[in-house]
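Heads up, the thing below is written out as structure tokens.
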Amino acid sequence: MCGIVGYIGTRQAPQICLAGLRRLEYRGYDSAGIAVVHDGELDVRKVVGKLDTMDEELEKNPLVGTIGIGHTRWATHGKPSVENSHPHLSDNGRIAVVHNGIIENYQELREQLTGEGYEFKSQTDTEVMAHLVQKYYEGNLRAAVCRAVADLEGAFAFGIICADSPGELVAVRRFSPLVVGIGEGENYIASDMGAIRQETDRVYVIDDDEVALITTDGIELTDLDLNPIEREVFVIPWPADAAQKGGHKHFMHKEIHEQPDAMRNCLAGRLSDPGKPIKLEGLNMTEQEIKNLRRVVFTACGTAYHAGLVGRFLMESLARIPSEADLAAELRSRDPVVLDNTLCIVISQSGETADTLVALRDMKAKGAKVISVLNVVDSSIARESDGVVYIQAGPEIGVASTKAYTLQIFTMAMIAIHFAEVRGAADPELIRTLKQDLLNTPKLAEELLAREDDVKAIAAKHYEKPNSLYLARGVNLPSAMEGALKLKEISYIHAEGYSAGEMKHGPIALVEPNLFTVAIVVEGEVYEKMIANIMEIKARSGPVIAVATDGDEQIPATGLDEDADPDDVAAQPNDMIWVPPTHELISPITVAIPLQLLAYHIADMRGEHIDQPRNLAKTVTVE
Ligand code: M6R
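For the sequence shown, the tail end lands on 623 under the working numbering, and the numbers increase by one without skipping.
The following block contains the structure:
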């Protein structure tokens with residue numbers, strides 16, 4: 001969850017590390033620290049809080065040095081405090097370590113090292129690494145790091161500097177992401193490419209149990225036995241300004257508005273003509289394998305799981321393959337039965353989510369073929385999958401996932417349509433309609449974004465209410481769950497996403513004027529049933545925001561009671577969020593956009609930290 005950055009060259013390392021940390025702040029943000037080597041000594045600054053506090057600290061107590069490492073922390077072991085923030089120093093104060101991940105056997109190592117006389121100053125797991133490197137250091141930093149890593153169990157990406165090896169930065173990883181950026185007379189390390197994209201577009205993606213020795217003019221990659229490794233340079237495919245806000249108040253807002261272009265990118269080279277087959281480079285499945293499939297299991301966490309629920313619906317409806325969607329953390333814990341010809345589709349924006357990665361490994365070990373639907377290129381999940389279909393959304397910085405969600409559904413719709421065509425499972429006319437509708441979707445997304453002010457006006461009516469309910473049925477049930485997640489994670493309003501069919505089994509007891517209900521009632525199979533649910537809510541004086549198809553004349557007045565007291569919500573028309581018509585099966589894509597805007601504006605009106613909500617990190621790399 002934490003973020004690491006390092007620099008070695010001729011410029012001032014603290015400023016470069018700080019700029020990189022700002023771009024990583026989404027990974028965690030309860031404290032931060034930077035260490036440099038200068039004049040043969042380590043110098044460290046640490047703060048609790050956001051990076052602005054670090055900026056102020058560096059103003060008051062400047063750091064000077066051309067080699068440095070930085071860290072932004074999201075606490076796992078030990079509370080947020082200066083002592084627990086990274087970099088951690090070895091007992092002799094000569095070695096500094098930044099770490100992302102969790103060292104599982106740290107208690108045992110801590111006891112052992114304490115017994116050997118090492119004094120611990122923090123409650124963190126990381127500090128054991130600083131002491132271990134000191135223990136093994138005999139004048140060669142890289143060799144000491146390799147020996148120390150051999151003692152560790154768990155997940156880690158480390159950046160390490162040493163006052164006695166002032167021209168070297170060493171980095172190593174196992175399970176946690178790490179890249180080495182390549183410059184001219186200077187080099188970098190980072191937890192992800194976005195942190196250093198301003199500096200370079202050329203990186204080495206480091207693999208498990210690989211170590212990088214980085215100097216001003218060279219990068220050597222080896223395994224832990226110091227055998228050299230040849231690695232191709234990876235060229236980061238997005239421009240340097242892609243990770244900046246581009247005039248928007250928040251990354252989340254920018255990313256909501258990037259959806260039409262991202263959809264066009266996702267379509268490019270895959271679908272351009274509704275009469276032609278969809279091409280999915282990277283899927284890595286033969287037609288025979290697709291025909292043989294007996295089961296598809298979707299697995300993911302959070303928003304990506306909601307996208308997986310839509311994927312399951314599409315796969316079953318179109319390709320007629322029995323399908324299920326499981327939360328990754330739950331899939332692992334229930335020891336699922338995996339039959340022959342089972343496909344597991346793993347969905348993740350980051351490609352680094354720990355629970356999702358472990359579920360992938362379990363499913364693979366049980367014999368499932370695994371393909372992943374990912375955004376971040378060359379992530380851990382990508383490398384362990386049998387095939388990868390990228391959603392092509394570009395970097396997503398806001399903690400609340402927006403464009404990744406719609407693009408995950410977009411991509412899974414293409415996969416389901418492709419499978420349906422190969423298996424001859426769906427009516428060719430339906431397939432053609434869905435393909436045409438997918439091709440139209442970027443335009444529809446633009447129309448929806450142009451209606452933002454209407455959604456903002458609705459947000460202004462309801463933003464002070466403490467509770468909300470999101471209701472839907474069928475393929476849009478995940479839209480209700482995702483709408484509710486979006487609202488709760490950035491506005492802290494209590495929000496529940498529920499099947500409208502379950503209302504009478506409990507949730508209707510919550511309905512009262514201070515709880516607003518978002519009802520998704522677009523054209524399609526479940527339309528009439530949703531109308532009945534809206535009437536039940538209005539009859540109990542619950543305000544309704546209806547998401548309905550353009551031109552629907554019935555919904556605004558649904559549940560209206562002309563005899564009710566004019567102050568009673570039962571006497572007032574429903575608030576309307578209009579969406580342009582599209583086939584019901586892919587309507588979760590269009591429905592998502594105004595629900596993202598609704599959550600965004602409600603949170604903004606409440607003055608919340610939208611891009612960095614409390615207690616959350618963008619990428620959850622711990623189980
Ligand atoms: O990177 P991933 O897609 O694997 O992340 C999964 C979830 O952690 C993520 O979708 C999370 O739920 C978002 N904060 C929701 O906006």
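Note that beta-carbon positions come from the ideal geometry of N, C-alpha and C, so glycine has one too. Bear in mind the structure is a predicted one, so any value in this text is a computation, not a measurement.
Under the three-state reduction of DSSP output, residue 374 falls in the strand class. For residue 296, the closest alpha carbon among the candidates 249, 346, 302, 269 is that of 346. Per DSSP, residue 11 lies in no alpha helix (DSSP H) and is assigned neither H nor E. In the displayed model, residue 80 falls within coil according to three-state DSSP, outside both helix and strand. Residue 433 has its CB no nearer than 7 Å to any heavy atom of ligand 1. A direct Cα-to-Cα measurement between residue 206 and residue 263 gives close to 30 Å.
Per DSSP, residue 301 is not a residue of any alpha helix (DSSP H), being assigned neither H nor E.
Where residue 156 is concerned, the enclosing beta strand (DSSP E) starts and stops at 154-162. Between residue 189 and residue 154, the C-beta spacing is not below 8 Å. Between residue 396 and residue 491 the beta-carbon gap is near 19 Å, outside 8 Å, which marks them as no contact.
Within the region 563-608, complete alpha helix (DSSP H) segments of at least 4 residues are found at 587-605, given in chain order.
Within the same chain, no residue comes within 7 Å of residue 56 by CB-CB distance, once the 5 residues on both sides are set aside.
Residue 596 is classed as buried because its beta carbon has at least 16 other beta carbons within 10 Å across all chains shown. Counting the other Cβ atoms within 10 Å of the Cβ of residue 292 gives fewer than 16, which makes it exposed. In terms of side-chain proximity, the C-beta atom of residue 620 is found nearer than 7 Å to a non-hydrogen atom of ligand 1. Taking residue 313 as the centre and dropping the five residues before and after it, the same chain places the C-beta of 475 closer than 6 Å to its C-beta, in chain order.
In this structure, residue 485 has its CB closer than 7 Å to one or more heavy atoms of ligand 1. Annotation for residue 6: 69, 159, 169, 189 place their beta carbon closer than 6 Å to its own, counting only its chain and skipping 5 residues before and after.
For residue 433, the three-state secondary structure derived from DSSP is helix. C-alpha of residue 343 to C-alpha of residue 298: approximately 8 Å in a straight line. Taken from the Cβ of residue 401, at least one heavy atom of ligand 1 lies inside 7 Å.
Annotation for residue 533: no beta strand (DSSP E) segment contains it, though the alpha helix (DSSP H) segment containing it runs 527-538. If you compare the alpha carbons of 484, 446, 408, 142 with that of residue 388, the shortest gap goes to 408.
Residue 169 is bridged by DSSP to 161, 214.
Look at residue 445: its beta carbon is at least 7 Å from all of the heavy atoms in ligand 1. Residue burial annotation: residue 100 is buried, with at least 16 other C-beta atoms found within 10 angstroms of its C-beta.
For the 8 Å CB-CB criterion, residue 65 and residue 37 form a contact.
Following the DSSP letters along the chain, one finds residue 146 inside the alpha helix (DSSP H) bounded by residues 141-150.
Short note on residue 394: C-beta not closer than 7 Å to any heavy atom of ligand 1. Distances from the alpha-carbon of residue 349 to those of 49, 19, 44, 621 put 621 closest. Residue 419 carries a helical assignment under DSSP once its states are collapsed to helix, strand and coil. Residue 19 has its alpha-carbon roughly 19 Å from the corresponding atom of residue 184.
Counted as a single uninterrupted DSSP element, the beta strand (DSSP E) harbouring residue 515 occupies residues 515-520. DSSP places residue 220 within a strand segment (E or B) once states are collapsed to three. Under DSSP, residue 296 takes part in a beta bridge, and its partners are 323, 343. The distance from the Cβ of residue 252 to that of residue 400 is about 5 Å, consistent with a contact at the 8 Å cut-off.
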